[in-house]
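The structure under discussion appears below in the form of structure tokens.
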Amino acid sequence: MDTSKSSKLAVGLTVGAIGVVFGDIGTSPLYALRESLAGEHGLATTEANVLGVLSLMFWSLVIVISIKYIGIVMRADNDGEGGILALTALLKGPIRTRRTLIVLGLFGTALLYGDGMITPAISVLSAVEGIEIAAPSVHNLVIPITV
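Counting in this note's numbering, the sequence shown runs from 208 upward without gaps.
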């Protein structure tokens with residue numbers, strides 16, 4: 208692979224790695240489903256709305272995983288290694304460009320670590336809030352149980 212093509216790929220992958228949005232892709236649908244059907248601006252809980260939201264979430268996951276992860280990320284490796292820091296190790300080119308991409312790679316790594324810390328806390332809170340639906344009398348205990 209020539210350096211021009213390699214550096215363009217590295218830039219695209221670094222920017223893509225920064226895209227940590229709404230937590231972990233495995234648990235985000237749980238939050239999205241709840242938020243779309245509950246609350247002040249939620250949809251009415253009808254069969255059509257539930258199936259529509261589930262369909263939207265399913266196809267969004269299929270498209271994101273197919274295009275981003277399989278189509279783009281699988282093409283880049285560092286002698287069999289992957290991940291943000293392994294992709295940062297592939298950087299070659301002018302010092303200024305390399306520094307910028309390294310900073311973006313480190314920023315992506317920080318977002319990944321932050322996501323790894325906050326996702327379990329949000330998952331536990333959501334599980335305990337689910338108990339509140341079955342037993343509204345535990346409303347005052349949600350936060351103490353979570354902590």
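Note that CB positions come from ideal geometry on N, CA and C, so glycine has one too. Computed from a predicted structure; not experimentally measured.
Bounding residues of the alpha helix (DSSP H) (the contiguous stretch that carries residue i)
i, result
"Gly278", "Where Gly278 is concerned, there is no enclosing alpha helix (DSSP H), given that its DSSP letter is neither H nor E."
"Thr304", "Ile302 to Ala341"
"Thr353", "Val349 to Thr353"
"Ile272", "That residue, Ile272, is in no alpha helix (DSSP H); it is neither H nor E in DSSP."
Burial state of residue i (16 or more Cβ within 10 Å)
i, result
"Ser214", "buried"
"Leu313", "exposed"
"Ala217", "buried"
Contacting residues, own chain, Cβ-Cβ under 6 angstroms from residue i (five flanking each side not counted)
i, result
"Leu244", "Leu250 and Thr252"
"Ile352", "Val335"
"His346", "Glu339"
"Arg305", "Leu298"
Residue i versus the options, residue with shortest Cα-Cα distance
i, options, result
"Ser333", "Leu318, Met324, Ile350 and Gly321", "Ile350"
"Asn285", "Leu298, Glu247 and Gly315", "Leu298"
"Val257", "Gly287, Glu247 and Glu242", "Glu242"
Own chain residues within Cβ distance below 8 angstroms of residue i, not counting five before or after
i, result
"Leu240", "Val260, Leu261 and Met264"
"Ser344", "none"
Same chain, Cβ closer than 7 angstroms to residue i, five either side skipped, listed in chain order
i, result
"Val331", "Thr353"
CB contact below 8 angstroms: residue i versus chain B
i, result
"Val331", "As a matter of chain content, chain B is missing from the structure shown, which is built from one protein chain."
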